[in-house]
Amino acid sequence: MTPQLDASDRLRHLLTLEELPRERLVALLDRAQAFADGAAGRPLAGTAVCTLFFEPSTRTRLSFQRAAQRLGADVLNFDASTSSTSKGETALDTMKNIEAMGVRGFVVRHSEDGGVAALAARAQPGTALLNAGDGRSAHPTQGLLDMLTLRQAKGVDFSRLKVLIVGDIRHSRVARSDLQALRTLGVGEIRICGPRSLLPDDETLDGCRIEDDFDAALEGVDAVMMLRLQRERMAEGLVSSLEDYHRDYGLTAQRLRLAAPDAVVMHPGPMNRGVEIDDDVADGPQSLVLRQVANGVAVRMAALEALLG
Amino acid sequence: MTPQLDASDRLRHLLTLEELPRERLVALLDRAQAFADGAAGRPLAGTAVCTLFFEPSTRTRLSFQRAAQRLGADVLNFDASTSSTSKGETALDTMKNIEAMGVRGFVVRHSEDGGVAALAARAQPGTALLNAGDGRSAHPTQGLLDMLTLRQAKGVDFSRLKVLIVGDIRHSRVARSDLQALRTLGVGEIRICGPRSLLPDDETLDGCRIEDDFDAALEGVDAVMMLRLQRERMAEGLVSSLEDYHRDYGLTAQRLRLAAPDAVVMHPGPMNRGVEIDDDVADGPQSLVLRQVANGVAVRMAALEALLG
Amino acid sequence: MTPQLDASDRLRHLLTLEELPRERLVALLDRAQAFADGAAGRPLAGTAVCTLFFEPSTRTRLSFQRAAQRLGADVLNFDASTSSTSKGETALDTMKNIEAMGVRGFVVRHSEDGGVAALAARAQPGTALLNAGDGRSAHPTQGLLDMLTLRQAKGVDFSRLKVLIVGDIRHSRVARSDLQALRTLGVGEIRICGPRSLLPDDETLDGCRIEDDFDAALEGVDAVMMLRLQRERMAEGLVSSLEDYHRDYGLTAQRLRLAAPDAVVMHPGPMNRGVEIDDDVADGPQSLVLRQVANGVAVRMAALEALLG
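So the protein sequences, as listed, match chains V, F and W.
Heads up: the first sequence begins at 1 in UniProt numbering, then just goes up one per residue.
Heads up: the second sequence begins at 1 in UniProt numbering, then just goes up one per residue.
Heads up: the third sequence begins at 1 in UniProt numbering, then just goes up one per residue.
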């Protein structure tokens with residue numbers, strides 16, 4: 001149970017897509033599409049938004065910052081991974097302090113599962129938190145931007161779509177948010193492919209079709225969502241080598257021909273070119289990678305506006 | 001003698017509260033109260049303010065940044081503790097360079113006593129410096145926000161108030177600015193408590209009542225201002241251990257009952273919970289810690305407006 | 001051949017002054033002069049400009065940021081030297097990603113010759129790159145601000161001017177951009193002085209008068225452009241010691257008397273005081289060092305407006 005809806009069922013925070021009702025998710029996508037189409041205005045003029053990152057991520061921070069700027073908000077950046085929180089202050093004290101400065105919106109990345117929800121539970125009534133990624137749990141705006149990108153490419157009826165997610169699902173908050181959103185939107189089929197050592201052994205993959213063989217998994221799919229392989233998986237012994245990983249789970253142009261002819265390729269970035277994805281796929285005509293990035297700003301505008309507007 | 005007043009007695013810089021006349025200090029508090037009550041406007045639109053920190057402090061920087069934003073100013077941040085001043089440029093060259101870029105306001109933190117005043121002495125006529133903390137000397141906006149917080153809680157007549165300051169006064173610029181402001185506002189009694197090794201042996205405490213015993217010191221006071229214990233005091237041999245410090249000078253709920261029933265608790269942050277202050281005091285009904293933070297933005301708006309408006 | 005002009009001869013990027021036609025260079029200087037004289041407006045309101053520095057330089061970044069702010073642009077800062085590009089993403093992927101977020105202007109510093117041009121070649125049609133320094137090649141806005149400073153001091157007719165450039169020309173992008181601009185503006189004479197080990201052995205100095213003796217070089221010149229001596233030249237064995245360098249190539253007040261009586265002194269900063277320049281020269285009446293910094297903002301406003309306005 002997340003505290004993201006208030007007593008009157010209004011969206012208070014955006015922490016996860018897990019319990020977000022379909023109509024609310026679709027409304028966010030619709031508004032994001034309007035922003036992607038150029039909708040303008042400064043509904044957040046005079047409102048302060050703070051990026052509060054306990055784990056570094058320049059790209060996600062810039063995307064939220066651009067979204068806040070386009071809405072007219074004042075932006076403050078707090079890189080908690082390098083700042084004086086090293087003085088021993090807790091994440092909660094940091095958040096409460098910046099909240100006391102009059103900041104109404106927080107974009108928070110946290111290394112622990114539930115780290116953002118724990119902060120949200122202690123926020124003042126007028127304060128909204130947006131989860132920019134917590135542990136392995138959730139990255140809801142990434143899930144939303146992936147759905148927007150898929151919808152632009154394939155239309156609103158997801159029931160006919162076969163979507164394949166490939167890679168380190170076990171450690172991926174992106175995958176979890178994507179899975180939740182795909183289910184909410186009633187996607188036809190979800191296939192999963194990756195080394196068994198990188199697949200979760202809980203209910204995360206319930207209802208998904210798990211394929212060990214990447215070639216078989218690709219057969220006829222409409223979208224391939226590749227995940228980033230973190231290099232620490234090698235050190236942890238979960239993956240033998242980058243070469244082996246590329247051989248078994250790297251998306252090459254040749255492999256992509258096994259998917260539907262109009263299949264699209266997605267990746268949350270940053271890409272390990274030559275590991276999970278080849279250059280000619282990443283930069284090829286079926287790649288939506290930069291479209292995802294563009295949609296990221298639109299989706300974050302929709303979320304900020306919904307929570308703070 | 002500080003150069004913060006010009007020939008016609010106008011406030012040019014805000015470097016210290018030491019020689020700030022009472023009516024000027026009260027005027028800043030009155031204006032800050034108006035900002036705390038929601039006064040708005042963009043008197044600094046088009047004006048550039050630069051935070052220039054030769055010592056890191058994310059929270060103070062954010063507070064000034066938010067204050068400048070609310071006044072409509074453009075903000076530039078220069079973290080001199082990590083930047084290319086390491087190329088060997090002096091603090092003065094750095095300031096003069098940014099001043100030449102058309103920046104009119106500087107919020108400066110410096111590790112040396114008088115470091116900000118030295119820069120102010122070399123500023124152009126139209127340039128104003130705000131001391132965001134220099135060495136052990138002064139942190140004038142902290143002093144102002146503490147006075148504003150005390151005034152909100154206890155009213156404008158300070159002559160009836162007994163205020164206790166606890167901890168490492170020797171190394172504290174916060175304590176020095178508080179002491180100066182309390183005297184200017186004619187506070188009834190100032191009590192001081194802390195290990196003798198952490199009390200100054202100069203005229204800083206003239207007129208204060210020094211108590212070795214924390215319980216005796218708390219007796220009937222209207223406000224307790226706790227100071228942060230820097231952990232390096234242990235390494236320096238000035239404090240034996242965190243446990244001993246907490247036993248002798250930690251503010252517990254039990255101890256707080258020795259103060260007046262409506263006594264308020266203040267702390268400049270970040271707090272060492274469990275060392276100088278316990279959780280139930282820090283987060284309890286008598287704590288004004290977050291109110292101090294909120295007032296910090298208001299006070300800094302008043303100061304920026306007074307100097308640059 | 002740089003791609004900075006488009007098919008219809010419009011300025012698309014600002015990468016180098018090498019092929020910039022005289023009328024275009026003069027137009028930029030004229031517009032910069034208007035900004036230096038206080039011309040205002042917000043032609044870039046709603047436009048996003050990103051500083052993308054693969055090599056750190058706080059001062060250049062602040063100058064561009066101030067220029068963008070004065071034009072009303074939204075600014076994003078990406079310090080690629082400390083960010084998660086360390087995750088292995090290429091400079092190109094970083095730029096393409098931020099471009100996809102809707103950023104239209106990039107201010108790029110890169111450690112490699114041609115590093116900025118390589119990125120510009122891959123930019124979308126609506127995207128403009130400004131070179132904020134690449135390798136040893138070019139620093140065009142520094143060249144422009146030096147020309148503006150010289151023009152303010154000496155008038156528009158450069159044909160009567162003798163200009164002396166002193167120091168490590170071999171490794172200096174500033175010197176290269178200055179040389180190109182001086183030639184374009186038809187300067188009367190360019191003299192060069194510096195240790196042979198720090199002079200380029202290619203066509204960079206074609207047409208320049210090279211003097212080994214600093215005193216002889218100074219004889220009657222109208223402007224002395226000093227360069228910064230990077231301390232790594234000692235480690236590389238290119239310069240024996242700071243003392244020797246100062247003795248042979250340090251600009252002292254005594255030496256400056258060899259130049260024309262109204263000669264001006266320039267330096268791109270940050271200065272090594274006591275090495276290539278003495279305090280009394282740096283801060284003396286003939287020094288234009290801070291005027292250069294002020295002109296830097298004006299020139300960058302002109303460039304940003306020309307590319308994005």
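Just so you know, even glycine gets a beta-carbon here, dropped at the ideal spot from N, CA and C.
Taking only beta carbons into account, state which residues of the region 66 to 83 of chain F come closer than 7 Å to chain W, listed in chain order. Asp74, Leu76, Phe78 and Ser83
What residues of chain V sit near W:Gly102, judged by a beta carbon separation below 8 Å? Arg66, Arg70, Ala294 and Val297
Is it true that the region 139 to 147 of chain W meets the region 111 to 126 of chain W, where meeting means three or more beta-carbon pairs spaced less than 8 Å apart? no
Does any residue of chain V have a CB that is nearer than 8 Å to the CB of F:Ser63? yes
Beta-carbon contacts of F:Ser86 that lie in its chain and below 8 Å, excluding the five residues immediately before and after: Note that F:Ser86 scores a pLDDT of 49, beneath 50, so its modelled location is shaky and nothing firm can be said.
For F:Pro56, which residues from the same chain have a beta carbon less than 6 Å from its beta carbon, with the 5 sequence-adjacent residues on both sides left out? Ser81
Can the beta-carbon of V:Leu130 be found less than 8 Å from the beta-carbon of V:Gly114? no
Return helix, strand or coil for residue 371 of chain W, following the three-state DSSP convention. Absent from the model: residue 371 of chain W. The displayed extent of chain W is 1 to 309, so no value can be given.
Where are the beta strand (DSSP E) runs, 3 residues long or more, that stay fully inside the region 137 to 183 of chain W, in chain order? 162 to 166
Work out the CA separation of F:Ala36 and F:Ala294 for me, nearest whole Å. 8 Å
Cβ shell of V:Ala45 (< 6 Å), same chain only, five flanking positions each side left out: Gly72
The beta strand (DSSP E) with F:Phe53 in it runs from where to where? Ala48 to Phe53
Determine contact between the region 274 to 293 of chain F and the region 250 to 262 of chain F, defined as no fewer than three beta-carbon pairs at a distance below 8 Å. yes
Hey, would you say F:Ala132 sits closer than 8 Å to F:Val108, going by beta carbons? yes
One question on the structure: do W:Arg176 and W:Thr149 come within less than 8 Å of each other, judged by their Cβ atoms? no
Along the chain, where does the alpha helix (DSSP H) that runs through V:Met301 open and close? Val289 to Leu308
Starting from F:Met95, follow the alpha helix (DSSP H) in both directions and report where the run begins and ends. Ala91 to Ala100
Any C-beta of chain V under 8 Å from that of F:Met234: no
So with CB distances below 9 Å, who are the chain V contacts of F:Arg173? Those within 9 Å of F:Arg173 in chain V number zero; the least Cβ separation is about 16 Å.
Quick one: grab the DSSP three-state call for F:Arg122. coil
Just confirm the distance between the C-beta atoms of W:Val224 and W:Ala263, as a whole number of angstroms; I'd bet it's less than 8 Å. 6 Å
Excluding the 5 residues preceding and the 5 following F:Ser159 in the sequence, name in chain order all residues of the same chain whose CB lies nearer than 8 Å to its CB. Gly186, Val187 and Gly188
Distance, F:Ile169 Cα to F:Asp202 Cα: 11 Å
Do you know whose CA, among W:Phe64, W:Pro21, W:Gly38 and W:Lys154, lies nearest W:Ala48's CA? W:Phe64
Below 7 Å on C-beta distance, what does W:Glu211 contact in chain V? Going along chain V, no residue has its Cβ under 7 Å from W:Glu211, so there is no contact; the nearest lies around 47 Å.
Please identify, using Cβ separations under 9 Å, the residues of the region 20 to 50 of chain W that lie next to chain F, in order along the chain. Ala40
Chain F within 8 Å of V:Glu55, Cβ atoms only: no
Please state the DSSP three-state secondary structure of V:Val281. helix
Where do the N-terminal and C-terminal ends of the alpha helix (DSSP H) with F:Ala34 fall, by residue? Arg22 to Ala36
Between W:Asn131 and chain V, is there a C-beta pair that is closer than 8 Å? no
If you run the structure through DSSP and keep just helix, strand and coil, what is F:Gly133? strand
Going along the region 258 to 278 of chain W in order, which residues come within less than 9 Å of chain F, judged by CB to CB distance? Gly269, Pro270, Met271, Asn272 and Arg273
Which residue or residues does DSSP assign as beta-bridge partners of V:Val75? V:Val49
Output needed for W:Leu242: all residues of its chain with C-beta closer than 6 Å, excluding positions within five of it in sequence on either side, in chain order. Val275
Is F:Thr58 close to chain V? Criterion is C-beta to C-beta, closer than 8 Å. yes
DSSP bridge partner residues for W:Glu112 (one or two, in chain order): Its beta-bridge partners do not exist; DSSP assigns none.
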